[in-house]
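Reviewing the structure listed below.
Chains as they are written, first to last, in the working numbering: chain H, 113 to 347; chain E, 34 to 437.
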């Protein structure tokens with residue numbers, strides 16, 4: 113049992129609910145979810161649209177807070193933390209990868225990757241050095257000066273992954289990372305994410321529609337109507 | 034996040050929208066430029082008037098007949114003119130007066146060769162040009178001997194030389210003033226136009242004695258000019274002159290004077306007052322322009338916050354705090370407004386330079402106004418940038434990321 117372990121889980125939900133709206137218009141995106149994710153896991157979350165999987169990832173990444181229940185990071189509840197501490201957590205502990213890449217336009221790949229480092233308080237020289245290393249790790253060192261509109265979708269997603277990586281986070285949270293990509297590019301991106309999980313021990317939590325992408329993960333969660341329908345770990 | 038990186042982020046955001054940035058700050062540019070132009074011209078005018086008044090003579094006082102309440106140069110009065118005896122009494126009865134000069138003037142026809150001209154002819158004792166710090170550009174000045182002997186000599190202004198002796202050396206030439214012949218012994222330094230637009234070089238000076246004996250036939254005089262021993266004695270000198278004249282003209286205690294002792298600094302005070310009113314008015318106009326400019330900045334910053342909602346979401350997701358977003362947008366507004374201020378300062382100084390040329394005023398760079406104008410434009414950016422920046426900082430990260 114998880115609760116008997118001496119080490120608390122890296123991320124854990126205790127009866128987490130998340131509702132939007134009020135009264136009759138109330139929508140329950142998450143409905144009492146219990147979930148523990150350990151250091152180094154690779155978790156894929158699937159489920160129909162509106163099943164609550166994106167909401168779960170947003171709460172995991174401290175972009176959103178539960179309406180009820182508790183979210184603990186290494187045993188510490190998150191709800192009561194001030195906004196600036198949540199920002200610092202997002203900066204240091206998590207890296208985000210989005211379906212739409214969300215790169216800043218008219219900004220070079222290198223500067224996009226360096227964005228989290230600005231908020232970590234690093235100087236220009238250190239930012240450029242680490243951004244360049246992160247770009248090299250995703251195989252885009254030679255496109256450092258390119259702006260997003262000069263890059264293909266797959267390349268843009270690599271830049272986004274480099275941005276998620278640059279602060280050496282413990283967890284990468286990916287919301288449909290291959291949703292805008294063709295199957296060959298999807299495979300390349302999934303390979304990159306899997307490699308970060310295996311080689312660097314980064315915990316990965318990924319929301320996806322695509323069974324092929326989900327198959328890269330060892331642990332599969334299926335969400336339905338704001339609850340976990342199944343939780344299986346591949347042998 | 035350091036101020037330096039915030040500023041560079043702000044600069045790059047503004048440069049992405051050059052035309053929009055430019056149009057946005059036009060109000061600030063115009064407001065600041067108006068203030069700078071006005072300051073430049075105002076200081077130029079003040080300097081000009083100051084020069085003119087100090088060019089009238091050092092520590093000069095003028096005694097004229099008529100009530101002191103009468104406007105300067107305001108028409109004829111019934112008060113009797115002064116006499117040379119008054120002059121003597123003043124010389125003896127005042128401690129802080131250095132020089133005293135009698136001046137009598139009349140517009141007269143002057144003739145030389147086949148040419149003639151109507152000009153202002155002055156009979157003045159030699160001290161007059163001394164008090165007025167007015168030298169000669171060639172020839173010699175009038176002397177006490179000229180005065181004592183009633184010599185038939187005269188000094189002429191540059192305008193007179195040009196119209197009566199074109200292309201010639203006027204020295205030693207004969208000039209007929211109202212039928213009286215006199216020899217030109219010197220030409221006065223050019224003074225240009227007076228503060229009231231009169232040509233100061235269209236003038237002839239003769240010894241006072243010559244003028245009164247041969248031309249007017251009366252030693253009554255309409256003006257006595259005096260100089261105080263030093264600038265801090267002007268008020269004392271004025272009081273002493275007043276006391277002597279009251280005694281001479283038998284003005285009873287409690288009665289109004291029938292003469293006035295004028296101080297050219299009074300003119301400056303009046304002109305300063307006029308300049309002050311204009312300054313206040315133009316500052317009001319500039320203030321309105323800055324207000325409109327500030328509202329323009331607020332408007333465009335609100336648009337910018339909406340446009341860049343997703344960018345704000347991304348920044349928040351990668352660890353920006355609300356205060357980072359706040360300072361980013363605030364710095365952007367301030368950079369925008371301050372840049373407008375800098376452009377406005379440049380345009381204002383350029384306009385001041387151009388207009389001072391047109392208006393024939395000395396060009397003055399209003400150094401004191403530059404930091405003030407810059408400070409005000411920064412302040413406008415802060416005041417009108419706070420609201421949009423706070424709006425940006427309060428965005429929910431998730432909602433901002435999902436904003437379409």
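Think of the CB as a built atom: it goes at the ideal place given N, C-alpha and C, for glycine as much as any other residue.
Note to self: Mapping the DSSP letters down to three states, classify residue 240 of chain E as helix, strand or coil.
What the structure shows: Residue 240 of chain E sits at position 207 when you count from the first residue of the second chain. Correct three-state label for residue 240 of chain E: strand.
Check: Could you give the distance in angstroms between the alpha-carbon of residue 202 of chain E and the alpha-carbon of residue 193 of chain E?
Finding: Position 169 of the second chain, counted from the start, is the residue given in the question as residue 202 of chain E. Position 160 of the second chain, counted from the start, is the residue given in the question as residue 193 of chain E. So the alpha carbons of these two residues sit roughly 12 Å apart.
Notebook entry, point to check: First and last residue of the alpha helix (DSSP H) that includes residue 161 of chain E?
Noted result: Counting from one through the second chain, the residue named residue 161 of chain E turns up at place 128. Its alpha helix (DSSP H) spans residues 160-164.
Next item on the list: Output, in chain order, the set of chain E residues within a Cβ distance shorter than 8 Å of residue 195 of chain H.
Entry: Position 83 of the first chain, counting from 1, holds the residue named residue 195 of chain H. Within 8 Å Cβ-Cβ: 354, 355.
Item checked: Integer-rounded CB distance, given that residue 173 of chain H should sit under 8 Å from residue 165 of chain H -> Here residue 165 of chain H is taken as the residue at index 53 of the first chain, counted from 1. Here residue 173 of chain H is taken as the residue at index 61 of the first chain, counted from 1. The pair is not a contact, with the Cβ atoms about 13 Å apart (cut-off 8 Å).
Margin query: At the level of alpha carbons, what is the spacing between residue 196 of chain H and residue 61 of chain E?
Written below: Taking the first residue of the first chain as position 1, residue 196 of chain H is located at position 84. Taking the first residue of the second chain as position 1, residue 61 of chain E is located at position 28. Each residue's Cα considered, the two are about 35 Å apart.
Check: Where residue 380 of chain E and residue 66 of chain E are concerned, what is the direct C-alpha to C-alpha distance, given to the nearest angstrom?
Finding: For this step, residue 380 of chain E is matched to residue 347 along the second chain. For this step, residue 66 of chain E is matched to residue 33 along the second chain. Whole-angstrom Cα-Cα distance: 6 Å.
Next item on the list: Using a threshold of 8 Å, state whether the C-beta atoms of residue 297 of chain H and residue 265 of chain H are closer than that.
Entry: Residue 297 of chain H sits at position 185 when you count from the first residue of the first chain. Residue 265 of chain H sits at position 153 when you count from the first residue of the first chain. Against a cut-off of 8 Å, the Cβ pair of residue 265 of chain H and residue 297 of chain H comes out as a contact.
Next item on the list: Express the C-alpha separation of residue 324 of chain E and residue 289 of chain H in angstroms, rounding to a whole number.
Entry: On the first chain, residue 289 of chain H is found 177 positions in, with the first residue counted as 1. On the second chain, residue 324 of chain E is found 291 positions in, with the first residue counted as 1. Cα-Cα distance, rounded: 47 Å.
Check: Out of curiosity, what's the CA-to-CA distance linking residue 135 of chain H and residue 422 of chain E?
Finding: Translated into positions along the first chain, residue 135 of chain H becomes position 23. Translated into positions along the second chain, residue 422 of chain E becomes position 389. Between residue 135 of chain H and residue 422 of chain E, the C-alpha separation is close to 33 Å.
Check: Identify the residues that DSSP records as bridge partners of residue 285 of chain H: which are they?
Finding: Sequence index remark: in the first chain, residue 285 of chain H carries index 173 (1-based). Its beta-bridge partners are H:208, H:317.
Next item on the list: Please state if the CB of residue 428 of chain E and the CB of residue 345 of chain E are separated by a distance shorter than 8 Å.
Entry: What you label residue 345 of chain E is simply residue 312 of the second chain in a count that begins at 1. What you label residue 428 of chain E is simply residue 395 of the second chain in a count that begins at 1. Yes. Within cutoff.
Checklist line | Top-ranked residue by Cα proximity to residue 374 of chain E, from E:57, E:113, E:275, E:332 | finding: Counting from one through the second chain, the residue named residue 374 of chain E turns up at place 341. Of E:57, E:113, E:275, E:332, the residue nearest in Cα terms is E:57.
Note to self: Could you compute how far the alpha carbon of residue 139 of chain H sits from the alpha carbon of residue 215 of chain H?
What the structure shows: Residue 139 of chain H sits at position 27 when you count from the first residue of the first chain. Residue 215 of chain H sits at position 103 when you count from the first residue of the first chain. Rounded to the nearest angstrom, the two C-alpha atoms are 30 Å apart.
Check: Closer than 8 Å, CB to CB, is residue 208 of chain H near chain E or not?
Finding: The count along the first chain starts at 1 and reaches residue 208 of chain H at position 96. Yes, contact with chain E.
Check: Are the beta-carbon atoms belonging to residue 123 of chain E and residue 254 of chain E less than 8 Å from one another?
Finding: Within the second chain, the letter at position 90 stands for residue 123 of chain E. Within the second chain, the letter at position 221 stands for residue 254 of chain E. Not a contact, by the Cβ cut-off of 8 Å.
Check: Should the region 168-186 of chain H be called in touch with the region 325-336 of chain E, which here means at least 3 C-beta pairs below 8 Å?
Finding: no
Check: Which residues in the same chain have their Cβ closer than 7 Å to the Cβ of residue 420 of chain E, if we skip the five residues on either side of it in sequence?
Finding: Taking the first residue of the second chain as position 1, residue 420 of chain E is located at position 387. These residues qualify, in order along the chain: 331.
Next item on the list: Name, in chain order, the residues that DSSP records as bridge partners for residue 156 of chain E.
Entry: In the second chain, counting from the first residue as 1, residue 156 of chain E sits at position 123. Paired residues: E:137, E:239.
Notebook entry, point to check: Under a CB-based cut-off of 8 Å, is residue 230 of chain H close to chain E?
Noted result: By one-based count along the first chain, residue 230 of chain H stands at place 118. It does: the Cβ of residue 230 of chain H has a partner Cβ on chain E nearer than 8 Å.
Next item on the list: With a threshold of 7 Å, establish whether the CB of residue 140 of chain H neighbours any heavy atom of the ligand NAP.
Entry: In the structure on display, the ligand NAP does not appear, and there are no ligands present to speak of.
Next item on the list: Write down the C-beta distance between residue 319 of chain H and residue 347 of chain H rounded to the nearest angstrom, noting that I regard them as a contact closer than 8 Å.
Entry: Here residue 319 of chain H refers to the residue found at position 207 when the first chain is read from its first residue. Here residue 347 of chain H refers to the residue found at position 235 when the first chain is read from its first residue. Not quite, the Cβ-Cβ distance comes to about 23 Å (not below 8 Å), so this is no contact.
Note to self: Give me the subset of the region 240-257 of chain H whose CB atoms are less than 9 Å from a CB atom of chain A, sorted by chain position.
What the structure shows: Any reference to chain A falls outside this structure, whose protein chains are H and E.
Item checked: CB contact flag (residue 75 of chain E, residue 395 of chain E, <8 Å) -> As a working mapping, residue 75 of chain E is identified with position 42 in the second chain. As a working mapping, residue 395 of chain E is identified with position 362 in the second chain. Taking 8 Å as the Cβ cut-off, residue 75 of chain E and residue 395 of chain E do not qualify as a contacting pair.
Next item on the list: Taking only runs that begin and end inside the region 309-390 of chain E, name each unbroken alpha helix (DSSP H) of 4 or more residues, in chain order.
Entry: 342-350
Checklist line | Spatially closest choice to residue 378 of chain E from E:226, E:36, E:59, by CA coordinates | finding: Locating residue 378 of chain E in the second chain gives position 345, counting from the first residue. That would be E:59, whose Cα lies nearest to the Cα of residue 378 of chain E.
Check: Whose C-alpha, out of H:218, H:229, H:186, H:334, is nearest the C-alpha of residue 279 of chain H?
Finding: Taking the first chain and counting its residues from 1, the one referred to as residue 279 of chain H is at position 167. Closest option to residue 279 of chain H, Cα to Cα, is H:229.
Next item on the list: Give the range of the beta strand (DSSP E) segment to which residue 218 of chain H is assigned.
Entry: Taking the first chain and counting its residues from 1, one reaches residue 218 of chain H at position 106. Note, residue 218 of chain H: premise wrong, no beta strand (DSSP E); not H, not E.
Next item on the list: Check whether the Cβ atoms of residue 145 of chain E and residue 197 of chain E sit closer than 8 Å, and answer yes or no.
Entry: As a working note, residue 145 of chain E is residue 112 in the second chain. As a working note, residue 197 of chain E is residue 164 in the second chain. Yes, they are a contact pair.
Next item on the list: Tell me, please, whether the CB atom of residue 227 of chain H is closer than 8 Å to any CB atom in chain E?
Entry: For the purposes of this step, residue 227 of chain H is taken as residue 115 along the first chain, with counting starting at 1. Interface residue, yes.
Check: When we look at the beta-carbon of residue 107 of chain E and count the other beta-carbons within 10 Å, is it buried (16 or more) or exposed?
Finding: The residue given as residue 107 of chain E occupies position 74 in the second chain. Legend: pLDDT at residue 107 of chain E = 48, less than 50; position of this residue unreliable, value from coordinates given subsequently. Looking at its Cβ environment, which holds fewer than 16 other Cβ atoms inside 10 Å, residue 107 of chain E is exposed.
Margin query: Can you confirm whether residue 142 of chain H, when its beta carbon is compared against all beta carbons of chain E, has any partner nearer than 8 Å?
Written below: Here residue 142 of chain H refers to the residue found at position 30 of the first chain. No, because no Cβ of chain E sits closer than 8 Å to the Cβ of residue 142 of chain H.
Checklist line | Cβ contact (3+ pairs, closer than 8 Å) linking the region 204-218 of chain H and the region 343-359 of chain E | finding: yes
Next item on the list: Take residue 386 of chain E and list the residues in its own chain whose beta-carbon comes closer than 7 Å to its own, dropping the five residues that flank it on each side.
Entry: By 1-based counting over the second chain, the position of residue 386 of chain E is 353. 396, listed in sequence order.
Check: Nearest chain E C-beta to residue 309 of chain H closer than 8 Å, yes or no?
Finding: In the first chain, residue 309 of chain H corresponds to position 197, counting from 1. No, residue 309 of chain H lies away from the interface with chain E (no Cβ there is under 8 Å from its Cβ).
Next item on the list: Name the residue from H:130, H:300, H:306, H:182 whose alpha carbon lies nearest to the alpha carbon of residue 152 of chain H.
Entry: The sequence position of residue 152 of chain H within the first chain is 40, counting from 1. Nearest C-alpha to residue 152 of chain H: H:306.
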